[in-house]
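This report refers to the structure that appears directly beneath it.
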Amino acid sequence: MADNKDAFRRIDVTAKDLPLHCPQPGAPLWARHPRVFLDVLTEGEVSCPYCSATYVFTGERPKGHH
């Protein structure tokens with residue numbers, strides 16, 4: 001059962017989602033918390049410190065981004 005929960009909390013993001021923040025627009029009211037910006041490009045994956053959602057960067061990295 002934990003696998004389904006973990007799969008639900010994995011969110012694939014691309015360059016168009018940058019700068020990345022959690023919660024994402026359209027998140028249900030029960031999933032709202034203070035907005036936190038997350039650096040997904042450094043490791044390719046980052047977890048939100050509030051809700052533990054895991055964001056995974058997919059696709060091509062933006063050019064000129066540090």
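Counted the way the UniProt record's numbering counts, the sequence shown spans residues 1 to 66.
The beta carbon of each residue, even a glycine, is placed where N, CA and C say it ideally should be.
Note the first and the last residue of the continuous beta strand (DSSP E) segment covering residue i.
i	result
P54	The question names Pro, yet the displayed sequence has Thr at residue 54. It spans 54-57 - the beta strand (DSSP E) in which T54 sits, taken as one unbroken run.
E45	45-47
Do you know offhand how far residue i's Cα is from residue j's?
i	j	result
D39	T54	12 Å
P19	S52	18 Å
F57	L29	25 Å
In this structure, how does DSSP classify residue i when only helix, strand and coil are distinguished?
i	result
D39	coil
L18	coil
H10	Note that residue 10 corresponds to Arg in the displayed sequence, not to His. It is a strand residue.
A31	helix
Y50	coil
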